Amino acid sequence: LGGVQLVKDINYGSADSSPSLFESMGGELFFTADDGISGTELWKSDGTWTGTVIVSNIAANGSSSWPGQKISVGDTLFFTANDGISGYELWKSNGTYSGTSLVKDIVAGSSDGGVINMVEFDDELYFIAYSMPPGTFGTQGTEVWRSNGSDSGTVRISGSLLTDTSTASNLTRVGDRLYYVDEEYGNGAGMELFSFTLEGGITLAVDTWPGSQSSDSRNLIALGEKVFFVGNDGLSGDELRYHWYNPGPIIA
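FYI, the numbering for the sequence shown is 910 to 1161, going by my numbering.
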């Protein structure tokens, strides 16, 4: 039987460092931990004691930045954190202190940007976040965003079909497209399944409950070229369904 080895006693002694929210990049493991001094911050490890170190003390003076979901896109680690000034926003790191920085303050000031549901697509980051421009907190819902790691390159991609109170969610990559759930007012559909491609942009993928009723589609997951989800077609109730964009829309 193989043994179990301690990599590092990050919070020295009997106290917990509580490592969590792991993501690998460049042969290293990135995670959230608390060393009992710097607060809960971003750490990395190459599997050795000396190679397990804090990446950046984002929230100074012993406060915690609470790094959240992490995802690697190329040689950039994207994650959410709160520096105590900008609120809980989108950050990036190349694994070094100097290479760790805020990407964009989506909701200006100390309010949170609401960044969740991050996925990699076409070598860029896509995610769900609040849709309001700076200074108008509370006036809009959530939208799909895209980021190349720069402030100017972090932009909303959804919203042209939707009102300012949209509630995008469940962002999921399926092959060469993204799916998400939102409410489409222009064509009279309720909360339904949308898709995004680089060539075609955003379209209503399928109106599971035809008309203005909402299918309340949710729990999206990819299986091959199909996206499976739970939804209500108005006849059979909440059931497991799938959409297949090739050879065409199929709901079963």
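Glycine is no exception: its CB is placed at the ideal position from the N, C-alpha and C atoms. Here the structure is a predicted model, which means the values were calculated and not measured.
In this structure, the straight-line span from the alpha carbon of Y1088 to that of A924 is close to 42 Å. Residue environment: F931 is assigned as exposed (fewer than 16 neighbouring CB atoms within 10 Å of its CB, all protein chains considered).
The alpha-carbon of N920 is positioned some 15 Å away from that of S972.
The continuous beta strand (DSSP E) containing S981 extends over residues K979 to V982. Assigned with DSSP and collapsed to three states, Y1035 falls in strand.
Annotation for S926: I919, N920, A942, D943 and D944 place their beta carbon closer than 7 Å to its own, counting only its chain and skipping 5 residues before and after. The C-alpha of S1056 lies about 21 Å from the C-alpha of W975. Within the stretch 994 to 1028, there are no complete alpha helix (DSSP H) runs of at least 4 residues. In the DSSP annotation of this structure, the continuous segment of the beta strand (DSSP E) that includes A990 starts and ends at T985 to N991. Annotation for A942: the continuous beta strand (DSSP E) segment containing it runs E937 to D943. In this structure, the alpha-carbon of W958 lies about 9 Å from that of L915.
At the C-beta level, I1037 and S1078 come within 8 Å of one another. Straight-line spacing of the CA atoms in L1107 and R1082 works out to 13 Å. The C-beta distance from F940 to S929 rounds to 6 Å, short enough to fall under 8 Å.
Using a 10 angstroms sphere on the CB of I1015, the tally of other CB atoms reaches 16 or more, which defines it as buried. The alpha-carbon of G1018 is positioned some 49 Å away from that of G912.
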